[in-house]
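With this note's numbering as the guide, the letters of the sequence shown map in order to residues 2 to 71.
Quick reminder that beta carbons are idealized off the backbone N, C-alpha and C, glycines included.
See structure below.
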Amino acid sequence: MNQDYYIKSFSHQQPTSEQLKRIEHIRLSYKLLLDDICKTCKDSRERNIALSNLENSLMYAVKSIVLEDK
Numbered sequence: 002m003n004q005d006y007y008i009k010s011f012s013h014q015q016p017t018s019e020q021l022k023r024i025e026h027i028r029l030s031y032k033l034l035l036d037d038i039c040k041t042c043k044d045s046r047e048r049n050i051a052l053s054n055l056e057n058s059l060m061y062a063v064k065s066i067v068l069e070d071k
């Protein structure tokens, strides 16, 4: 990746209304997965790592939507 990508990434990006709809869809899907993990897995270090990685994954999924070319 070149420097232009990072300049865009480090700057505030206002999502479009279409992007906001897609972000909300992704967030809903992640909330369902979160609920399944919390109901299915006992509280443990491994579950906490899974939840941390879920959070990280959501962050990058949203970022991929916001940073796409408009």
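For N3, there is no enclosing alpha helix (DSSP H), as DSSP marks it with neither H nor E.
In the three-state scheme derived from DSSP, where H, G and I count as helix and E and B as strand, K64 is classed as helix.
In the structure shown, K43 adopts coil according to DSSP, grouped into three states. Between L52 and the set S12, Y31 and Q14, the nearest pair of CA atoms involves Y31.
The stretch 33-53 makes no contact with the stretch 14-24, as fewer than three CB pairs between them are under 8 Å. Under the criterion of beta carbons closer than 8 Å, Q14 and V67 qualify as touching, at roughly 5 Å.
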